Amino acid sequence: MKFVQAAKHGGAQNRVTRIVIHGTVSPCVDGGARNVARYFRSDRAGGSAHYIVDPGETIACVREGTVAYHAPPNTDSIGVELCDPQKGPASRWRDDNHVAMLKRAAVLVRQIAARWDVPLRRLSAAEVKGGKRGICGHVDVSRAFGQTDHTDPGTAFPWDDFMDLVRGDEEEPAPPKVVVRDGVPQWPGRTLAVADPMQRGDDVKTWQAKMSKRGWDIDVDGWYGPDSRTVCRGYQRATGLPDTGEVDRATWEMTWSWRPPAAT
Ligand SMILES: [Zn+2]
């Protein structure tokens, strides 16, 4: 996925309470996401979002572990912008471009939810206000907290269809199997990261089990979440690797080749 850093963003966030759906007020066309990303990157931008989706592409603009300025109060939320003019007949949401974009956005939202253990349910404004966890529109955040008057993604947004797509069972790529050679689990060929769409897997569990065995305080649950990232950073610092918080090839191989003197 292409990443174009947005100019406006806040500090770190370590949990996600809600995933917020927005409408960009721009055309639902291929290249629409790039245009909005270019705007977010510029000094003119008043806000930002973690992702922008158009019919053919998804662009990330703010890392999920960083606060984006999309629907205040922003902390502990993820903003997903859908390219839509926010005017015209409600039936536009059923045209080819919108349908392609909704499918793309639904897969993204499901992946974000899996990464942060967000339930796949739509929240009312009252539930947003009550701190419930789930998926909502910018309009619900506006109503809950009154910090913006934005009403996107609009009354025509097909919430029921979208939530069906989010909960759907479209094929997701299976995480790689770990191959053990001479007793050593081999690099699975992908970086384990909180931002990775395939955050669960055998390889994650294998790495967690090794770290746990080495005395690190980590749950061996096969889910590479913020806790795994923290342990990874600690291990990388202890071993002199760049502390990215992501288990790349060097970190994976170091995990089986060298134990740092002080694993704390
Ligand atoms: Zn919005």
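Here the sequence shown is numbered in the numbering used here, starting from 7 and rising by one per residue. Using N, Cα and C, we set each Cβ at its ideal position, and we do this for glycine too. Note that this is a predicted model, so its numbers are computed, not measured.
ask   = Exposed or buried, which one is Ala66 when buried takes at least 16 other CB atoms within 10 Å?
value = Counting from one through the sequence shown, the residue named residue 66 turns up at place 60. The residue is buried, with at least 16 neighbouring Cβ atoms inside 10 Å.
task = Look at Gly165 and Trp258 and say whether their C-beta atoms are less than 7 angstroms apart.
result = Against the sequence shown, residue 165 aligns to sequence position 159. Against the sequence shown, residue 258 aligns to sequence position 252. Position check: residue 165 holds Trp in this sequence, whereas Gly was assumed. Contact flag unset, no.
Euclidean distance between Cα positions of Phe107 and Ala74 = Working through the sequence shown from its first residue, we reach residue 107 at position 101. Working through the sequence shown from its first residue, we reach residue 74 at position 68. Note that residue 107 corresponds to Met in the displayed sequence, not to Phe. Using only the alpha carbons, I get a separation of about 21 angstroms.
task = Assign Pro191 to one of three DSSP states: helix, strand, or coil.
result = Counting from 1 along the sequence shown, the entry for residue 191 is found at position 185. Pro191 falls in the strand class under three-state DSSP.
ask   = Does the Cβ-Cβ distance between Gln19 and Asp82 come in under 7 angstroms?
value = Along the sequence shown, read from residue 1 onward, the residue named residue 19 stands at position 13. Along the sequence shown, read from residue 1 onward, the residue named residue 82 stands at position 76. Yes; because the gap between Cβ atoms is below 7 angstroms, this pair is in contact.
task = Name the residue from Asn41, Gly143, Asp208 and Met169 whose alpha carbon lies nearest to the alpha carbon of Arg116.
result = In the sequence shown, counting from the first residue as 1, residue 116 sits at position 110. Comparing Cα-Cα distances from Arg116 to each of Asn41, Gly143, Asp208 and Met169, the minimum goes to Met169.
ask   = How close, in whole Å, do the beta carbons of Glu87 and Thr30 come, if the pair is a contact with beta carbons under 8 angstroms?
value = By one-based count along the sequence shown, residue 87 stands at place 81. By one-based count along the sequence shown, residue 30 stands at place 24. Rounded, the Cβ-Cβ distance is 5 angstroms, consistent with contact.
query = Mind checking Asp155: buried by the 16 CB within 10 Å criterion, or exposed?
reply = The count along the sequence shown starts at 1 and reaches residue 155 at position 149. By the 10 Å Cβ count, Asp155 comes out exposed.
message = Pull the bridge partners of Val186 from the DSSP assignment, please.
response = Sequence index remark: in the sequence shown, residue 186 carries index 180 (1-based). The partner list for Val186 (beta bridge, DSSP) reads Pro191.
Start and end residues, beta strand (DSSP E) containing Leu88 = Residue mapping note: residue 88 aligns to position 82 of the sequence shown, counting from 1. In the DSSP assignment, Leu88 falls within the beta strand (DSSP E) that extends over Ser83 to Leu88.
request  = Can you grab the Cα-Cα spacing for the pair Gln242 / Asp208, in whole Å?
outcome  = Residue mapping note: residue 242 aligns to position 236 of the sequence shown, counting from 1. Residue mapping note: residue 208 aligns to position 202 of the sequence shown, counting from 1. Rounded to the nearest whole angstrom, the CA to CA distance from Gln242 to Asp208 is 21 angstroms.
task = With hydrogens ignored, establish whether the beta-carbon of Asp158 is closer than 6 angstroms to any heavy atom of ligand 1.
result = Within the sequence shown, the letter at position 152 stands for residue 158. The answer is yes for Asp158.
For Ile118, the first and last residue of its enclosing alpha helix (DSSP H) = Residue numbering aside, residue 118 sits at position 112 when the sequence shown is read from its first letter. Run containing Ile118: Asp102 to Trp122, per the alpha helix (DSSP H) assignment.
inquiry  = Shorter than 6 angstroms, the distance from the beta carbon of His144 to the closest heavy atom of ligand 1, or not?
reply    = Here residue 144 refers to the residue found at position 138 of the sequence shown. Yes, the beta carbon of His144 sits closer than 6 angstroms to at least one heavy atom of ligand 1.
Coarse secondary structure for Lys138, derived from DSSP in three states = The residue labelled residue 138 in the question sits at position 132 within the sequence shown. Assigned with DSSP and collapsed to three states, Lys138 falls in coil, not helix or strand.
message = Short of 7 angstroms in beta carbon distance, which residues of its chain neighbour Ala111, apart from the five on each side in sequence? Order them along the chain.
response = Taking the first residue of the sequence shown as position 1, residue 111 is located at position 105. The answer, listed in chain order, is Val59, Val86 and Leu88.
message = Measuring straight from C-alpha to C-alpha, what distance separates Thr250 and Ala12?
response = Along the sequence shown, read from residue 1 onward, the residue named residue 250 stands at position 244. Along the sequence shown, read from residue 1 onward, the residue named residue 12 stands at position 6. So the two alpha carbons sit approximately 20 angstroms from each other.
request  = Leaving out five residues on either side along the sequence, give the residues of the same chain with a beta carbon under 7 angstroms from the beta carbon of Tyr45.
outcome  = To locate residue 45, count along the sequence shown from 1; it is residue 39. Closer than 7 angstroms at the Cβ level, and outside the excluded window around Tyr45, lie Ala51.
message = Would Ser218 and Val226 qualify as a contact pair, given that the criterion is a beta-carbon distance under 7 angstroms?
response = Position 212 of the sequence shown, counted from the first residue, corresponds to residue 218. Position 220 of the sequence shown, counted from the first residue, corresponds to residue 226. In this structure, Val226 lies closer than 7 angstroms to Ser218 by Cβ.
inquiry  = Our contact map puts Leu126 next to Cys142 with C-beta atoms below 8 angstroms; I'd like the distance itself, whole angstroms only.
reply    = Here residue 126 is taken as the residue at index 120 of the sequence shown, counted from 1. Here residue 142 is taken as the residue at index 136 of the sequence shown, counted from 1. The beta-carbon separation of Leu126 and Cys142, rounded to 12 angstroms, does not stay under the 8 angstroms limit for a contact.
query = Contact check, Pro271 vs Pro91 under 8 angstroms by CB: the rounded distance?
reply = No information on residue 271 is available, as it lies outside the stretch 7 to 270 that the chain covers here.
inquiry  = Quick check: is any heavy atom of ligand 1 less than 6 angstroms from the C-beta of His28?
reply    = Reading the sequence shown from its first residue, position 22 is the one you call residue 28. Flag set: Cβ of His28 near ligand 1.
ask   = For Ala119, which option in Asp102, Val186, Arg139 and Ala131 has the closest C-alpha, if you only look at C-alpha atoms?
value = Locating residue 119 in the sequence shown gives position 113, counting from the first residue. Measuring from the Cα of Ala119, the nearest candidate turns out to be Arg139.
task = Counting only the same chain and skipping the five closest in sequence on each side, list residues whose C-beta sits under 6 angstroms from that of Val145.
result = By one-based count along the sequence shown, residue 145 stands at place 139. Cβ within range, chain order: Thr157.
request  = Might you give, ordered along the chain, the residues of its own chain that have their beta carbon closer than 7 angstroms to the beta carbon of Leu198, omitting 5 neighbours on each side?
outcome  = What you label residue 198 is simply residue 192 of the sequence shown in a count that begins at 1. Asp209, Val210, Trp213, Tyr230, Glu252 and Val253.
Beta-carbon spacing of His28, Val68 below 7 angstroms = Working through the sequence shown from its first residue, we reach residue 28 at position 22. Working through the sequence shown from its first residue, we reach residue 68 at position 62. In this structure, Val68 does not lie closer than 7 angstroms to His28 by Cβ.
ask   = Whose CA, out of Met260, Arg187, Val124 and Thr245, lies closest to the CA of Arg173?
value = Residue mapping note: residue 173 aligns to position 167 of the sequence shown, counting from 1. Considering only alpha carbons, the answer is Val124.
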